[in-house]
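Letter by letter, the sequence shown follows residues 2 to 173 in this note's numbering. So the structure is just underneath, and the comments pick up after that.
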Amino acid sequence: LDLFASVQVHAHTRGSLWSLHAADVLNMRLGIRESLSASSRASCLCRVVRGLFAEMQPSSKAYRALVTGMDLLACGRVCDAVASYRHLLDAAGVFPDVDRCARCDRSCTPVWIGDEAALCESCASPDIRMPDALIAALRGQPGIDESVALAVETWALRRIEPISTKGVRFSR
2 LDLFASVQVH
12 AHTRGSLWSL
22 HAADVLNMRL
32 GIRESLSASS
42 RASCLCRVVR
52 GLFAEMQPSS
62 KAYRALVTGM
72 DLLACGRVCD
82 AVASYRHLLD
92 AAGVFPDVDR
102 CARCDRSCTP
112 VWIGDEAALC
122 ESCASPDIRM
132 PDALIAALRG
142 QPGIDESVAL
152 AVETWALRRI
162 EPISTKGVRF
172 SR
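Pasting the structure below:
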């Protein structure tokens, strides 16, 4: 089965063992295959999902965000699909409140958005200011271009790195 396809699976159970009986293809999303950019973005969306959620952890919000992102990619709306990152991180409970400053608790348009917090202009140091277009995209404003879409992806992938390695011990 294809990673980007939606299928309805029919399985039989015997005790605790499941066996696949049939799979009906609901949506192949062939448009993702027409563009290297769309295929790469679809892979990144899947990577974020795998980094945020355990394999058997149900999340209807995450599923809707992933399906929406894949559908947008399949119909050629590559830049619009990056909004799915915000929704995936929100479904996992790790997207920060981007309308309030974490330090002064005032309503604001942030100049920096990090792992679990957003900072206003008076609370953030000047050297950590983010581009306005990236802030706008993370706040859910439409109309981003390819460079901002790439910046949102990079930001989202950095958010999952510490999450996916929590509790993992590395040895030499």
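Note that CB positions come from ideal geometry on N, CA and C, so glycine has one too. Values in this document were obtained by computation on a predicted structure and should not be read as measured data.
Given this structure, state the Cα-to-Cα distance separating residue i from residue j, to the nearest angstrom.
i	j	result
L53	L90	8 Å
L21	A6	17 Å
A103	E56	32 Å
C76	I33	8 Å
H88	D128	28 Å
A125	D100	15 Å
M29	H13	24 Å
S44	L4	9 Å
E162	D72	25 Å
S36	K62	27 Å
L158	R42	11 Å
L74	W156	19 Å
S38	R78	11 Å
Q58	G16	21 Å
Short of 7 Å in beta carbon distance, which residues of its chain neighbour residue i, apart from the five on each side in sequence? Order them along the chain.
i	result
D146	C80
S85	L46, A66, L67, T69, G70
S40	I33, R34
G141	A84, R87
Starting from the C-beta of residue i, find all residues in its chain whose C-beta is less than 8 Å away, skip the five residues before and the five after it, and write them out in chain order.
i	result
P97	A103, I114, G115, D116, E117, A118, A119
S60	F54, A92, A93
C121	C102, R104, C105, R107, C109, T110, P111, V112
V95	L53, D116, E117, R160, I164
A24	L2, V8, Q9, V10, H11
L18	none
Ordered along the chain, which non-local residues of its own chain (more than five positions away) have a Cβ less than 6 Å from that of residue i?
i	result
A134	V149
A152	L135
Buried or exposed for residue i, going by 16 or more other Cβ atoms inside 10 Å?
i	result
L46	buried
V49	buried
V144	Checking the sequence, you will find Gly at residue 144 rather than Val. With fewer than 16 Cβ atoms within 10 Å of its Cβ, G144 is classed as exposed.
R160	buried
P111	buried
F171	Low per-residue confidence applies at F171: pLDDT is 37, beneath 50, and the placement is therefore not dependable, though the value from the model is reported in the following sentence. That one is exposed.
R51	exposed
E154	buried
V83	buried
L139	buried
Item to check | Whole runs of the alpha helix (DSSP H) within the stretch 104 to 141, excluding any shorter than 4 residues | outcome: Here the runs fully enclosed are 133 to 139.
Item to check | Entirely enclosed beta strand (DSSP E) segments - the stretch 16 to 51, minimum 3 residues | outcome: Runs found: 18 to 28.
Item to check | Entirely enclosed alpha helix (DSSP H) segments - the stretch 62 to 96, minimum 4 residues | outcome: With a minimum length of 4 residues, the continuous alpha helix (DSSP H) runs that stay inside the stretch 62 to 96 are 84 to 92.
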